[in-house]
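Residue numbers (our numbering), protein chains in the order written: chain E, 1 to 456; chain P, 1001 to 1456. By construction, the Cβ of each residue, glycine as well, lies at the ideal position given by its N, Cα and C atoms. Below is one structure, written out as structure tokens; the observations come after it.
Pasting the structure below:
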């Protein structure tokens, strides 16, 4: 490791400067006027990777291109897909930025710019880790396949198609994504689980037209009231989901997880203050972290019906609807869960209305076992890079790319999150600590080494 | 009465033709391009009233003018305000009309045109009844004050102001409005009660911003779910309103009313078929007519919160809201009822949310006692005109003008409804039966005579 440390130390200033240069490219994927900038960012990466010994290829898609590169000389060693994205979020509201989003500013060891944390900085940590091995014709301890896309901020529009078409080329033993966060400042974390998602839309239909609430009020069931009564019955008094069979397949939280989560310095008071709520609320018998990371939930994302404009319109509406997403834990099947919800809703609906449920395709949860050698390698890597053992955490949201890798390539993903959870990823004044950037480079170096010990 | 009958018979063809002429004027108050037509309709009425012996005045308002005329020569006799409106609804969707809305067509004794029933035909029934007395310098048996407005279809924007400013001029003993319907074909009805209205808007506020339903789902109460649970608690299992004290002031339905309503040929099957609902639903212990006419109700007119657009946006929303109107029966105070609702909502709200209730000004119910001499006069009038005793009915909606007359002039209103309940008042192919038109003229003649017997 000494040799690698030396290289990193000698080049660290240059690494910082390279990141600054990369961040100057306004590669906003959502805005057509930045199409050229997206390509410039892709070419920047291609050129850099070429310099350190790759033969990268820009692969066109109907949208923004994907940069692909591989280095497959470590015979008998694991092959790792390393994913990142070079596109960034739009900058609005621009007036809330303390400095221009594409003129990176370094202040107190922190670099401020759009894309600093999400994901250019984290992506470059891997590039520099690779470079640390490969400079002067050196060899990597593992085989790598790099996939850097330009459409992550616009729902990875063409990534699935690319992966599906190139399954043979992308065949790997695992994947690494650095596009998540630590638990907090100096609190490195290994995210080993993500929740899945099962979305659907519900419509409750009453009379065939909007009625005058004076002339008809009292004569027929109001679809809004009926929908509300049904939504009220989706949770019981303990805030458990009341849908029959909902918990049948749920993977219970393990004892070690409860212990691990309990160790985390989660400040409920600060959390409440941040959200300006009087109380936190969720399923009885679980802590807040358990509830949002490792227990399934059901939320209405939207509700609508009748007159929603300014002032009064005294209708008894024909229908009311809502959008629901359920967040799933491992072993739950998104299709089955939507079917259960539909059956339950139709069962509790009164005869006065008709219920329509439109199911949207979801995704299962993702989890990697603590005993999986890739996670052991990741733990050691973070411990080296950050100087302390990482926390084992889960995340309540989904990362579609992780599901794609699992489904199409059959691989688990290491989520090596390097930035801070409050890094303003999609907001003004996005930042990335240079200390975290450097720790990330060192962690990645150790990760590749550790992975090379793995039997394949 | 013989003399009046003769005059009506001799002139009936001319009355029909006058109505056709009046209906040819496209006096759509909502559309600025018809401003001139509105005035033309007002002038048409002025000219006709002048010919039969009135000295009408066009009174300007910031909007469309009000036509006022009086005849006050029946000393010691009651003074009646007769209200009508000469403006009409827009004609869209125009392609659903079987004939052009402003080219009246008479088919099988029915006149089809915009405004035929609402309200030109009903208004002209009174004009011709007045003419029946006044032609050739004849005298009216009562004193009358005619108020014909041009803004009824745009919420009577300037009527209240006009009445408020001219209370002395408009001083009367009662009012008559012919702008409602019979109960059905050949089923004349006397509407003696209207429900009041108490509107408000409710907002349930949770976290200070929309949250990611994956990252936060399970941690905090969802304002949509909370609002729904609260709405679900607004009615009990018997569909009674669960707000504490809500029924305290309610005027109970009288035995004679239940008997009267039960006599009505109300076809529940046809009603369900028309609305395409499987069942009718309302407060336990009451029939459908009782529920919508004589019992208070509470309806959500609209509900909204979170993401309401196409597709998915997986937010746990910051707030959710709804619009509520309560329909009131006599003795209930709209302000008190809103206060009770607010108190109840705040009482049942969990500590996880904040509840805001915005109260909008409402109106009390209106009812005229069956024993009131004006209602006795009206009953006799309809019996003469239609050849059978009218049903005594109530109506679930409100008529703001009736409330204005009560509040500002202290008078009760006879609702002498002449058209059919399915007359397409605001829809394509609006119609008015010429038989009902003629019966209306005769009823009005008898009404004025009967009212002249009343002591004042």
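C-alpha distance - residue i paired with residue j, whole-angstrom precision
i	j	result
residue 527(E)	residue 1281(P)	The structure shown does not extend to residue 527(E), since chain E is modelled only from 1 through 456, so no value can be given for it.
residue 1179(P)	residue 1393(P)	15 Å
residue 1150(P)	residue 1115(P)	12 Å
residue 1360(P)	residue 222(E)	21 Å
residue 176(E)	residue 77(E)	16 Å
residue 277(E)	residue 286(E)	19 Å
residue 1447(P)	residue 354(E)	48 Å
residue 1224(P)	residue 456(E)	50 Å
residue 134(E)	residue 246(E)	51 Å
residue 18(E)	residue 262(E)	40 Å
residue 1430(P)	residue 1185(P)	15 Å
residue 439(E)	residue 48(E)	21 Å
residue 90(E)	residue 1301(P)	38 Å
residue 1068(P)	residue 1426(P)	26 Å
residue 1423(P)	residue 1096(P)	15 Å
residue 1406(P)	residue 1397(P)	16 Å
residue 323(E)	residue 418(E)	34 Å
residue 1409(P)	residue 1171(P)	6 Å
Buried versus exposed, by CB contacts within 10 Å (16 or more), residue i
i	result
residue 72(E)	exposed
residue 366(E)	buried
residue 155(E)	exposed
residue 1414(P)	buried
residue 1121(P)	buried
residue 1062(P)	exposed
residue 1167(P)	exposed
residue 1101(P)	buried
residue 254(E)	exposed
Test: residue i CB closer than 8 Å to a CB of chain P
i	result
residue 426(E)	no
residue 106(E)	no
residue 307(E)	yes
residue 283(E)	yes
residue 337(E)	no
residue 400(E)	no
residue 352(E)	yes
Opening and closing residue of the beta strand (DSSP E) in which residue i lies
i	result
residue 1319(P)	1319 to 1328
residue 1386(P)	Segment 1373 to 1386 is the alpha helix (DSSP H) holding residue 1386(P); no beta strand (DSSP E) there.
residue 414(E)	413 to 415
residue 1354(P)	1354 to 1359
Unbroken alpha helix (DSSP H) run spanning residue i, endpoints
i	result
residue 13(E)	2 to 23
residue 1393(P)	Looking at the DSSP string, residue 1393(P) is not in any alpha helix (DSSP H); the run it does join, the beta strand (DSSP E), is 1391 to 1395.
residue 47(E)	35 to 51
residue 214(E)	213 to 216
residue 441(E)	434 to 452
residue 1161(P)	1159 to 1165
residue 1148(P)	Not the alpha helix (DSSP H): residue 1148(P) falls in the beta strand (DSSP E), residues 1143 to 1149.
residue 304(E)	Where residue 304(E) is concerned, there is no enclosing alpha helix (DSSP H), although the beta strand (DSSP E) it sits in stretches over 297 to 306.
residue 1271(P)	1268 to 1275
residue 1340(P)	1334 to 1348
residue 235(E)	From DSSP, residue 235(E) is part of no alpha helix (DSSP H); its letter is neither H nor E.
residue 400(E)	400 to 404
Residue-level contact to chain E via CB, residue i, 8 Å cutoff
i	result
residue 1288(P)	yes
residue 1151(P)	no
residue 1258(P)	no
residue 1356(P)	no
residue 1159(P)	no
residue 1403(P)	no
residue 1264(P)	no
residue 1439(P)	no
residue 1231(P)	yes
residue 1394(P)	no
residue 1203(P)	no
residue 1278(P)	yes
Closer than 7 Å: residue i CB and nearest the ligand FMN heavy atom
i	result
residue 248(E)	In terms of ligand content, the structure shown is empty, and the ligand FMN therefore cannot be addressed.
Residue-level contact to chain C via CB, residue i, 8 Å cutoff
i	result
residue 216(E)	No chain C appears in this structure, whose protein chains are E and P.
Contact belief for residue i with residue j at Cβ below 8 Å, rounded distance in angstroms
i	j	result
residue 1131(P)	residue 1052(P)	4 Å
residue 199(E)	residue 362(E)	6 Å
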